[in-house]
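Encoded as structure tokens, the structure appears first; notes follow it.
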């Protein structure tokens, strides 16, 4: 019986930590979504920069099946070049945050699944 009390004590302690952990994960999810929305609002470009004749910037977009490759002339105006570079970097940052959000979502689902399983095990013991 002593062992059972020990397990109950550990289970109770662990269960009191869950609300703070869940709140922390909720805040992280909200933060990621907010940061992604901010990046998207500032503008994203999914292309690579190419310099024609080492003077003019051209954006090369990914190839779409059955369509010619899209190219967008930026030119050599420093402001336009920096704007395009910033949008390309934001797209990379956005994708990194999206990958992090996906991993977090997968962890949340796995945590939910395991808590559901634990609750089922404990209900059967009752």
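Numbering (this note's numbering), first residue to last: 3 to 128. Here a beta-carbon is modelled for each residue, glycine too, at the ideal position from N, C-alpha and C.
Where the alpha helix (DSSP H) containing residue i begins and where it ends
i	result
residue 54	Counting along the chain, residue 54 falls outside any alpha helix (DSSP H), though it belongs to the beta strand (DSSP E) covering 50-54.
residue 46	Taken as a continuous stretch (DSSP letters only), residue 46 belongs to no alpha helix (DSSP H), as it is neither H nor E.
Residues near residue i by beta carbon distance below 7 Å, same chain, minus five either side
i	result
residue 96	38, 41, 42 and 46
residue 89	45, 46 and 47
residue 30	106
residue 99	34, 37 and 38
Bridge partners - residue i, DSSP secondary structure assignment
i	result
residue 59	53 and 77
Check whether the segment 98-115 and the segment 27-46 are in contact - that is, three or more C-beta pairs closer than 8 Å. Here the segment 98-115 makes contact with the segment 27-46; the two share three or more CB pairs at distances below 8 Å.
Considering only residues of the segment 62-124, which uninterrupted beta strand (DSSP E) runs meet the minimum length of 3 residues and lie entirely inside it, listed in chain order? 73-77
Segment contact, 8 Å Cβ cut-off, at least three pairs: the segment 55-62 with the segment 121-128: no
Does the segment 75-86 touch the segment 59-67, meaning 3 or more C-beta pairs lie closer than 8 Å? Between the segment 59-67 and the segment 75-86 there are three or more inter-stretch CB-CB distances shorter than 8 Å, so the stretches are counted as touching.
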